[in-house]
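One structure is given here, and the rest of the page talks about it.
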Amino acid sequence: MIKSLLAMVIAIGCTAGAVAADSTTAPTPPMGWNSWNHFACKVTAADVRASADAIASNGMKDAGYQYVNIDDCWQGGRDSAGRIQPNEKFGDMKSLVNYIHSKGLKAGIYSSPGPKTCAGYEGSFGHEEQDAQQYADWGFDYLKYDWCSAEKVYQRSQMIDVYKKMHDALVRTGRPIVFSLCQYGYGRVWRWGAPVGGNLWRTTEDISDHYDRMSVIGFDQDGLEQFAGPGHWNDPDMLEVGNGGMNHDEYVTHMSLWVLLAAPLLAGNDLSKMTPESLSLLTNREVIAIDQDAKGVQGRRIAAEGPLEVWAKPLTDGSVAVGLFNRSESTSPVTVNFKDLGLPPKVSVRDLWQRKDLGSFSDSYTQDIPRHGAALILIRIH
Ligand code: GLA
5 MIKSLLAMVI AIGCTAGAVA ADSTTAPTPP MGWNSWNHFA CKVTAADVRA
55 SADAIASNGM KDAGYQYVNI DDCWQGGRDS AGRIQPNEKF GDMKSLVNYI
105 HSKGLKAGIY SSPGPKTCAG YEGSFGHEEQ DAQQYADWGF DYLKYDWCSA
155 EKVYQRSQMI DVYKKMHDAL VRTGRPIVFS LCQYGYGRVW RWGAPVGGNL
205 WRTTEDISDH YDRMSVIGFD QDGLEQFAGP GHWNDPDMLE VGNGGMNHDE
255 YVTHMSLWVL LAAPLLAGND LSKMTPESLS LLTNREVIAI DQDAKGVQGR
305 RIAAEGPLEV WAKPLTDGSV AVGLFNRSES TSPVTVNFKD LGLPPKVSVR
355 DLWQRKDLGS FSDSYTQDIP RHGAALILIR IH
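Here the sequence shown is numbered in my numbering, starting from 5 and rising by one per residue.
Below you can see the structure in the form of structure tokens.
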């Protein structure tokens, strides 16, 4: 019965109205940090504590970053009762979570529905109920559930049931736990991620710290906006800001695009060794406010001229956030026409990265944008 109801919800094309994900759990896109992009399998409990310390003290917490998420490689084996154990790099998980909580932050953990995680550690296959309870007992607030070796034990057609099984187990613990689906967008997950209880779902294969990869992922999100909303978000993968593989303009593109996409903002760098420049990219309050706007509308491409693109995201107060992007190899002017946004001819424009009011404009606004760069502007009706 539940299965057929679920199938029905999926069949009618789950638009923002037809969702089962709990919108009180992630009313705005989750913000925080995740260990994978920088530390990968080398991560230790000390790195996680240092990240919590950094978020709590460097302005990130005040800017809205909340989750401190351990990705792959924390797992040891199971004890004789089948209970999952942390490995020697993590030791006492409960005390680590308590530490994160003591900083006023929340904690995230990672597993796979398969027998092994992507990095070959112990997965949850056959232990879903037990693992959900263990995460809740340790005090975790967020689970990223990564398909990986589930490919070897399930058919892809079983994915919906597999994810629903863990969601139901999490619900039974009675603890609110953000449920993050990671299966790289297979099977058009955006159509069924919310009905199986996902608060976010990866829409793509992995990001890397290169402009080409980041931009292909980000600019490919157009069209998925109809599936996102409060409690259920498309996830184009975690941030690479501060990891050093892109230049400043490219990271400006990364942040501008991710906030217009209402993407989860999970920093992926080493927060204990961050430059002031990376910190300011991650913590610009006006930029983050676009991502976290309560209306929860994911932005979309509204105009393109070859490698020059204009994206827009409508906001709660009637204003519109607009990104002017230059994907070409040299500086170029990029123009937004106000009629493309359904706006009246005369509006005011504020540059959110420069934190500067630019004045009133009629019909259109143009800015020179550097190679691989972006401007993020806020357009208000007079
Ligand atoms: C997959 C995920 C990544 C990360 C790794 C960990 O590749 O997509 O985000 O979690 O697994 O092994």
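All C-beta atoms, glycine included, are put in the ideal place defined by N, C-alpha and C.
| Item | Value |
| --- | --- |
| Any residue whose CB is nearer than 6 Å to a heavy atom belonging to the ligand GLA, listed in chain order | Trp40, Asp75, Asp76, Thr121, Cys122, Ala123, Asp150, Cys186 and Asp210 |
| For Phe329 and Val351, believed in contact at Cβ under 8 Å, the rounded distance | 20 Å between Cβ atoms; not a contact. |
| Residues sharing a beta bridge with Gly233, DSSP | His236 |
| Pro374 vs Asn203 beta-carbon contact at 9 Å | no |
| Distance between beta carbons of Val72 and Ile59, contact taken as under 8 Å | 7 Å |
| Pro119, DSSP secondary structure in three states | coil |
| Whole-Å CB distance - Cys186 paired with Ala123, under 8 Å assumed | No, Cys186 and Ala123 are not in contact; Cβ-Cβ is about 13 Å, not under 8 Å. |
| C-beta contact flag for Gly246 and Asn38 at 9 Å | no |
| Environment of Tyr149 [buried if 16+ CB atoms lie within 10 Å] | buried |
| For Asp165 and Thr121, believed in contact at Cβ under 8 Å, the rounded distance | No, Thr121 and Asp165 are not in contact; Cβ-Cβ is about 20 Å, not under 8 Å. |
| Unbroken beta strand (DSSP E) run spanning Asn102, endpoints | Here Asn102 belongs to no beta strand (DSSP E); instead the alpha helix (DSSP H) covers Met97 to Ser106. |
| The ligand HEM heavy atom lying under 8 Å from the CB of Trp194 | For the ligand HEM, the structure offers nothing, since it holds only the ligand GLA. |
| Buried or exposed by the 16-neighbour rule on C-beta atoms within 10 Å, applied to Glu1 | Since the first residue shown for the chain is 5 and the last is 386, residue 1 is missing from the structure and cannot be characterised. |
| Buried or exposed (CB count within 10 angstroms, at least 16 for buried), His42 | buried |
| Distance between Val47 and Phe94 (C-alpha atoms, nearest Å) | 9 Å |
| Cα-Cα separation between Gly249 and Asp51, rounded to whole angstroms | 21 Å |
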